[in-house]
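Numbering (the working numbering), first residue to last: 1 to 394.
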């Protein structure tokens, strides 16, 4: 009986998490963001390839592996792609090497545009402030653009070394032979984890980022195999587009890649805040938005009296009955109506004096609903009674 109850709890929790994940997927516009990133990638792909080759040329330890790096990139860019796409990419990358100063500057700007689009998408998922000091932003962008190729180069170097050791010893039971199949997955997991840790303009816990990186890397490998199987066994695009089939195939794969990346980021966010969502009841209804706004302003005012600056995670802890999705929506409403602002460190700050404003001012600042009598839960009943009394006096 205990096992049955445990199974039911797991199913209930999984169902609630799935609903929460899907609601955040829609609110974060992940599908739209993946489309925007796909378009930006088309412009930034050649600059990124040229930048990667330039980085390898600057490190003597990576001399001679540029072709291998390009091979790995092309294999991941379009699994089972036609040689047409790969040949175009090779040609573009070779021509980019001969660019002069203005051309190189344009390539760098294009690569930074891609990073800005990635940051915007991840900040929207984490509900992080879009504003960040320009010097911090450039440092993070440059770190990602340089560490990414170096990580790939190191992975290829290690793979080559392990393969060489296996050929020399002839021992397929060695550790190197066992590591080789999972090495791409590990490298992808590290890359995704670093992306989720560094790029969002908020603090992300390492453990959560690792779980998100593992999910993204696993989905990416599954997507590669599934996409390659579809392209080789169901050549629908070739029948429709003929010689131009390579381009839509490439676009579809770039879109799927970014969708996997954003799904992993969203998973990282959801497992970080779901503990506060799991116990939520009917307080997530729109009729409780005014009460939540009132409570948020109260917590921000109390925090600032103690010189404590609160972020969204802090508010989730201080308001245990709140749904994180609803919290983000109401915070956005308060910012839009001039009650609170979000700084570049992720803190929410009051921008109006609570001694000069009434609850009626808050009520009139947006289209808030009031819960009818008897609708509030036990957790909200005392606060709701207080709100009703103040509004009646107003």
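By construction, the Cβ of each residue, glycine as well, lies at the ideal position given by its N, Cα and C atoms.
First and last residue of the alpha helix (DSSP H) that includes residue 223?
Within the chain shown, numbered from 1, the residue matching residue 223 stands at position 223. Note, residue 223: alpha helix (DSSP H), 206-233.
Report yes or no: do the segment 259-270 and the segment 6-24 share at least 3 C-beta pairs separated by less than 8 Å?
yes
Alpha carbon to alpha carbon, what distance is there between residue 328 and residue 366?
In the chain shown, the residue the question calls residue 366 occupies position 366. In the chain shown, the residue the question calls residue 328 occupies position 328. Taking the straight line from one Cα to the other gives about 16 Å.
If you follow the alpha helix (DSSP H) that residue 362 is part of, which residue opens it and which one closes it?
Numbered from its first residue, the chain shown carries residue 362 at position 362. Looking at the DSSP string, the run of the alpha helix (DSSP H) that includes residue 362 is 359-364.
Our contact map puts residue 300 next to residue 310 with C-beta atoms below 8 Å; I'd like the distance itself, whole angstroms only.
For the purposes of this step, residue 300 is identified with residue 300 of the chain shown, where counting begins at 1. For the purposes of this step, residue 310 is identified with residue 310 of the chain shown, where counting begins at 1. Residue 300 to residue 310, Cβ: 6 Å. Contact.
Judging by CA-CA distance, which residue of 125, 305, 120 and 232 is the nearest neighbour of residue 141?
For the purposes of this step, residue 141 is taken as the residue at position 141 of the chain shown. Comparing Cα-Cα distances from residue 141 to each of 125, 305, 120 and 232, the minimum goes to 120.
Which residue's Cα is closest to the Cα of residue 297: 333, 108 and 266?
In the chain shown, residue 297 corresponds to position 297, counting from 1. Closest option to residue 297, Cα to Cα, is 333.
Reduced DSSP category for residue 341 - H, G, I as helix; E, B as strand; rest coil:
By 1-based counting over the chain shown, the position of residue 341 is 341. Strand, per DSSP.
When you compare the CB positions of residue 114 and residue 44, do they come within less than 8 Å of one another, or not?
Taking the chain shown and counting its residues from 1, the one referred to as residue 114 is at position 114. Taking the chain shown and counting its residues from 1, the one referred to as residue 44 is at position 44. Result yes, Cβ atoms of residue 114 and residue 44 sit closer than 8 Å.
For residue 255 versus residue 35, is the C-beta distance shorter than 8 Å?
Within the chain shown, the letter at position 255 stands for residue 255. Within the chain shown, the letter at position 35 stands for residue 35. In this structure, residue 35 lies closer than 8 Å to residue 255 by Cβ.
Find the nearest neighbour of residue 38 within the set 362, 252 and 232, judged by alpha-carbon distance.
Here the question's residue 38 lines up with position 38 in the chain shown. Nearest option by C-alpha distance: 252.
To which residues of the same chain is residue 341 closer than 7 Å at the C-beta, ignoring the five residues directly before and after it?
Start at 1 with the first residue of the chain shown, and residue 341 comes out as number 341. Correct list, in chain order: 335, 349 and 351.
Taking all protein chains shown into account, decide if residue 133 is buried (16 or more other Cβ within 10 angstroms of its Cβ) or exposed.
Reading the chain shown from its first residue, position 133 is the one you call residue 133. Residue 133 should be labelled exposed.
Going by DSSP, which residues form a beta bridge with residue 347?
The sequence position of residue 347 within the chain shown is 347, counting from 1. Paired residues: 311.
Determine the direct distance from the alpha carbon of residue 199 to that of residue 193, and round the result to whole angstroms.
Counted from its first residue, the chain shown places residue 193 at position 193. Counted from its first residue, the chain shown places residue 199 at position 199. Residue 193 and residue 199: Cα-Cα distance of roughly 10 Å.
Straight-line Cα distance separating residue 337 from residue 259:
Here residue 259 refers to the residue found at position 259 when the chain shown is read from its first residue. Here residue 337 refers to the residue found at position 337 when the chain shown is read from its first residue. Each residue's Cα considered, the two are about 33 Å apart.
For residue 346 and residue 128, believed in contact at Cβ under 8 Å, the rounded distance:
As a position in the chain shown, residue 128 is number 128, starting the count at 1. As a position in the chain shown, residue 346 is number 346, starting the count at 1. Their Cβ separation, rounded to whole angstroms, is 6 Å, which keeps residue 128 and residue 346 in contact under 8 Å.
For residue 201, which of helix, strand or coil comes out of DSSP?
To locate residue 201, count along the chain shown from 1; it is residue 201. Correct three-state label for residue 201: coil.
Mapping the DSSP letters down to three states, classify residue 190 as helix, strand or coil.
Locating residue 190 in the chain shown gives position 190, where the first residue counts as 1. In this structure, residue 190 counts as helix in the three-state DSSP scheme.
Cβ distance (whole Å) where residue 215 is taken to contact residue 33 below 8 Å
Residue numbering aside, residue 215 sits at position 215 when the chain shown is read from its first letter. Residue numbering aside, residue 33 sits at position 33 when the chain shown is read from its first letter. At roughly 18 Å, the Cβ-Cβ gap does not stay under 8 Å, so residue 215 and residue 33 are not in contact.
List the endpoints of the continuous alpha helix (DSSP H) containing residue 289.
Here the question's residue 289 lines up with position 289 in the chain shown. Here the alpha helix (DSSP H) through residue 289 covers 289-305.
Whose C-alpha, out of 118, 207, 230 and 218, is nearest the C-alpha of residue 195?
What you label residue 195 is simply residue 195 of the chain shown in a count that begins at 1. Nearest C-alpha to residue 195: 118.
Residue 118 in three-state terms, based on DSSP
Position 118 of the chain shown, counted from the first residue, corresponds to residue 118. DSSP places residue 118 in helix when its eight states are reduced to three.
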